[in-house]
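Note sheet for the following structure.
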Amino acid sequence: MTTLNEYLAQKKAAAIALQEQAKADPKPNHFSAKVRAAGRSGVREIRIRDYQIISDSPENFAGYSLGPTSPELQLGVLGSCLTHITLIQAAKRDVSLESLEVEVFGQQHPLGGQEGFEETPFIPYNIHYKLHIVSNESAETIAALHEAVERVCPIYNLLLNPQNIAGEVVHTSSAVTQEA
Numbered sequence: 014m015t016t017l018n019e020y021l022a023q024k025k026a027a028a029i030a031l032q033e034q035a036k037a038d039p040k041p042n043h044f045s046a047k048v049r050a051a052g053r054s055g056v057r058e059i060r061i062r063d064y065q066i067i068s069d070s071p072e073n074f075a076g077y078s079l080g081p082t083s084p085e086l087q088l089g090v091l092g093s094c095l096t097h098i099t100l101i102q103a104a105k106r107d108v109s110l111e112s113l114e115v116e117v118f119g120q121q122h123p124l125g126g127q128e129g130f131e132e133t134p135f136i137p138y139n140i141h142y143k144l145h146i147v148s149n150e151s152a153e154t155i156a157a158l159h160e161a162v163e164r165v166c167p168i169y170n171l172l173l174n175p176q177n178i179a180g181e182v183v184h185t186s187s188a189v190t191q192e193a
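Take a look at the structure:
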């Protein structure tokens, strides 16, 4: 396989097969991730299936800059999802793509939400992306592709329409109890 268009033919076949499989057995997919803070460094070790991703703070924030920060990872996740969904939608629509790249940008103010900066967001904000497509398709075809991508991209829509997140704490005492 040497070109993106050859990949899109393979992607179309896989998308059709997965959709048929989902129709035959309509169950949701389940995902999980586990994150552990490493001692001495505070590096966050993210485990997803058989993969490990490292998240870290920059040196000026008691980190070692061994990996991206959580907000940077979020932008990367958004870019990855937009890229993947663009490939899926292009394959389903037989849209020819020579190349595809997504750039994602955002800001986060270090004083957001603190005294004197109550109106400044503490969360990443001004998030935007640029979808770079090289294609011989018409502008109308690419515009329709983009509209379809934004309509069905899971992470894009999660960020636009967040859902409730439930949390709980499982506290285990580290104190050793001695019997008298």
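Every position in the sequence shown, counted from 1, becomes a number in the numbering used here once 13 is added.
For glycine and all other residues, C-beta sits at the position ideal for the given N, C-alpha and C.
Just so it is clear, the structure is predicted and the values come from calculations on it, not from any experiment.
Rounded to whole angstroms, what is the Cα-Cα separation between LYS68 and ALA50? Sequence inspection shows Ser at residue 68; the Lys mentioned does not correspond to that position. Near 10 Å, if we compare the C-alpha coordinates of ALA50 and SER68.
Any idea what DSSP makes of LEU113, helix, strand or coil? Look at LEU113 here: in three-state DSSP terms it is strand.
Is it right to say ILE136 is buried, meaning 16 or more other beta carbons lie within 10 angstroms of its own, or is it exposed? Classification of ILE136: exposed, given that the 10 Å Cβ count is below 16.
Can you list, in chain order, the stretches of the beta strand (DSSP E) that have 3 or more residues and sit fully within the region 45–78? Listed in chain order, the complete beta strand (DSSP E) runs (minimum 3 residues) inside the region 45–78 are 47–50, 57–61 and 64–68.
By DSSP, does GLY119 sit in helix, in strand, or in coil? Taken through DSSP and simplified to helix, strand or coil, GLY119 comes out as strand.
In or out: GLN176 buried (at least 16 other Cβ within 10 Å) or exposed? Taking all protein chains in view, the Cβ of GLN176 is surrounded by fewer than 16 other Cβ atoms within 10 Å, so the residue is classified as exposed.
Sequence-distant residues of the same chain with beta carbon closer than 6 Å to PHE130, five excluded per side: Same-chain partners within the cutoff: LEU124.
Considering just the uninterrupted stretch of the beta strand (DSSP E) at LYS143, what are its terminal residues? In the DSSP assignment, LYS143 falls within the beta strand (DSSP E) that extends over 138–147.
Determine the DSSP secondary structure at VAL162, reduced to helix, strand or coil. In the structure shown, VAL162 sits in a helix (DSSP, three-state: H, G or I).
Since PRO84 contacts GLY119 with CB under 8 Å, what's their CB separation in whole angstroms? Contact between PRO84 and GLY119 holds, since their C-beta atoms are separated by about 7 Å, short of 8 Å.
Pick from GLU150, GLU58, LEU110 and PHE74: whose alpha carbon is nearest that of LEU17? Of the listed residues, the one whose Cα sits closest to LEU17 is LEU110.
Validate contact between the region 156–171 and the region 98–115 using beta carbons, cut 8 Å, 3 pairs: A contact exists between the region 156–171 and the region 98–115.
Hey, VAL115 and SER148: beta-carbon distance below 8 Å or not? Contact: no.
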